[in-house]
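Peer 1: Quick one: the structure is below, and I'll ask about it shortly.
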Amino acid sequence: MIYLILSILSSTTIFVVFKILSKYNVNTLQVIVVNYVIAFITGIALYDETINLNIINADWFIEAIALGFMFIAIFNVLALTAQKNGLSVASVASKMSVIIPILFGIVIYNESTGLQKLIGIILALIAVLLTSIKPKSDVVLTKSIYLPIILFLGSGIIDTSVNHFAPDGNKALFLAIIFGIAGIIGIIILSYKSIIAKDHFKLKSIPFGIILGIVNYASMHYILKALRVDGFESSSVFTINNVAIVAISTLIGLFLFKEHISVKNWLGIILALVSIGLVTL
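Quick look at the structure:
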């Protein structure tokens, strides 16, 4: 359980960092790219064996490269969805994608589907929906509807694939390669923007990127640790992890950033606590 708690806390910290970025008008893409580089360095630092060219023959190497491309691609889809369809649509699409790894665990891994667990999962999904929808949000469902669909599928596939392909003994290197590939692509994008669009890199993006990179790596590291604990099923882990992050992030938005929380949001938080209890017990 400690790994799951650390994953939830790390992921919630990511939310706090992004809120601070918007407050201080820091370039989000630049911070994201620095974050990938720092996460890559963290993974390499934690890998306690010698790295050699034999890793290209590892069963998970191609999958790690593909996931690196997906990381940066889905981030851009997230940004486009927020711009075209509104922040609430982007939030709901990315967070509701947890249903994909949940179903994968039940169908492919033959995980338990007791009535109490199923009720807990359904309540968790309702809780995510209720807490994600903000009052007076700029929701535009009819415009560029393909973007939230891609975001939903992409986010779910990433979570499922990271869990499915992560090796038992080389998780640090596996994650490092994913973040490294995403970082390389991000650097290319930033270079293009700097040369063509004259959107130059700002030094103030670095400290935020360092903080984000460390907690981002920690969130991935600990969720994989939690998924490997005996007796913990992936469908339960993903349910608890996702709904807890949403509920805690909403409360942090209220107390730390003075955000308004509607009755629906409060109902979502209550359902989140109930669903965690049902799935955990």
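Counting from 1, position 137 in the sequence shown corresponds to residue 138 in the numbering used here; the numbering is continuous, with no gaps.
Cβ atoms here follow ideal geometry from the backbone N, Cα and C, with glycine treated the same way.
Just verifying my parser: in three-state terms, what is the DSSP assignment at P168?
Peer 2: In the sequence shown, residue 168 corresponds to position 167, counting from 1. Residue state, collapsed to three classes: coil.
Peer 1: To the nearest whole angstrom, what separates the beta carbons of G69 and G181, a pair I think is in contact under 8 angstroms?
Peer 2: To locate residue 69, count along the sequence shown from 1; it is residue 68. To locate residue 181, count along the sequence shown from 1; it is residue 180. Rounded, the Cβ-Cβ distance is 7 angstroms, consistent with contact.
Peer 1: Please give the ranges of any beta strand (DSSP E) in the stretch 14 to 92, keeping only runs that are unbroken, at least 3 residues long and fully inside the region.
Peer 2: none
Peer 1: Could you tell me the distance, in whole angstroms, from the CA atom of A219 to the CA atom of L104?
Peer 2: Taking the sequence shown and counting its residues from 1, one reaches residue 219 at position 218. Taking the sequence shown and counting its residues from 1, one reaches residue 104 at position 103. Distance between the alpha carbons of A219 and L104: 25 angstroms.
Peer 1: With a threshold of 7 angstroms on Cβ separation, who are the neighbours of I107 within its own chain once the five nearest residues in sequence on each side are excluded?
Peer 2: Locating residue 107 in the sequence shown gives position 106, where the first residue counts as 1. Here the set comprises T114, S236.
Peer 1: Can you give me the C-alpha to C-alpha distance between V35 and T132, rounded to a whole angstrom?
Peer 2: Position 34 of the sequence shown, counted from the first residue, corresponds to residue 35. Position 131 of the sequence shown, counted from the first residue, corresponds to residue 132. Using only the alpha carbons, I get a separation of about 30 angstroms.
Peer 1: For a quick check, are the C-beta atoms of V163 and M221 less than 8 angstroms apart?
Peer 2: Position 162 of the sequence shown holds residue 163. Position 220 of the sequence shown holds residue 221. In this structure, V163 lies near M221, with their beta-carbon atoms less than 8 angstroms apart.
Peer 1: In terms of residues, what are the limits of the alpha helix (DSSP H) holding V280?
Peer 2: Position 279 of the sequence shown, counting from 1, holds the residue named residue 280. Here the alpha helix (DSSP H) through V280 covers 264 to 281.
Peer 1: Indicate the three-state DSSP secondary structure (helix, strand or coil) for S98 in the structure shown.
Peer 2: Taking the sequence shown and counting its residues from 1, the one referred to as residue 98 is at position 97. Three-state DSSP puts S98 in coil, outside helix and strand.
Peer 1: Fully enclosed by the stretch 219 to 260, which alpha helix (DSSP H) runs are 4 residues long or longer?
Peer 2: The qualifying runs are 235 to 256.
Peer 1: Any idea what DSSP makes of G214, helix, strand or coil?
Peer 2: Walking along the sequence shown from the start, residue 214 turns up at place 213. DSSP places G214 in helix when its eight states are reduced to three.
Peer 1: Please determine, among D200, S92, W61, A173, the residue with the shortest C-alpha to C-alpha distance to L130.
Peer 2: Here residue 130 corresponds to residue number 129 of the sequence shown, with the count starting at 1. It is S92.
Peer 1: Kindly list the residues whose CB is nearer than 6 angstroms to the CB of L225, restricted to its own chain and excluding five residues on each side of it in sequence; keep chain order.
Peer 2: Your numbering for residue 225 matches position 224 in the sequence shown. Answer for L225: A167, K172, listed in chain order.
Peer 1: Can you give me the start and stop residues for the alpha helix (DSSP H) that K203 sits inside?
Peer 2: Within the sequence shown, residue 203 is the residue found at index 202, counting from 1. K203 -> no alpha helix (DSSP H), and no H or E assigned at all.
Peer 1: So, helix, strand or coil for I190, using DSSP?
Peer 2: To locate residue 190, count along the sequence shown from 1; it is residue 189. The answer is helix: DSSP assigns I190 an H, G or I state.
Peer 1: For E234, does the count of other Cβ atoms within 10 angstroms reach 16, so buried, or fall short, so exposed?
Peer 2: Position 233 of the sequence shown, counted from the first residue, corresponds to residue 234. Buried, by the Cβ-count rule.
Peer 1: Around the C-beta of L116, are 16 or more other C-beta atoms found within 10 angstroms, so that it is buried, or is it exposed?
Peer 2: Counting from one through the sequence shown, the residue named residue 116 turns up at place 115. Classification for L116: exposed.
Peer 1: Once DSSP output is grouped into helix, strand and coil, what is the label at K135?
Peer 2: Looking up residue 135 in the sequence shown gives position 134. Three-state result, K135: coil.
Peer 1: Report yes if the CB atom of L5 is closer than 8 angstroms to the CB atom of V244, and no otherwise.
Peer 2: One-based indexing of the sequence shown puts residue 5 at position 4. One-based indexing of the sequence shown puts residue 244 at position 243. No, the pair does not count as a contact, with Cβ atoms beyond the cut-off.
Peer 1: Beta-carbon within less than 6 angstroms of I45's beta-carbon, same chain only, minus the 5 sequence neighbours each way: which residues are those?
Peer 2: Numbered from its first residue, the sequence shown carries residue 45 at position 44. Around I45: A177.
Peer 1: Consult DSSP for Y4 and reduce its assignment to one of helix, strand or coil.
Peer 2: One-based indexing of the sequence shown puts residue 4 at position 3. Y4: helix per DSSP, three-state reduction.
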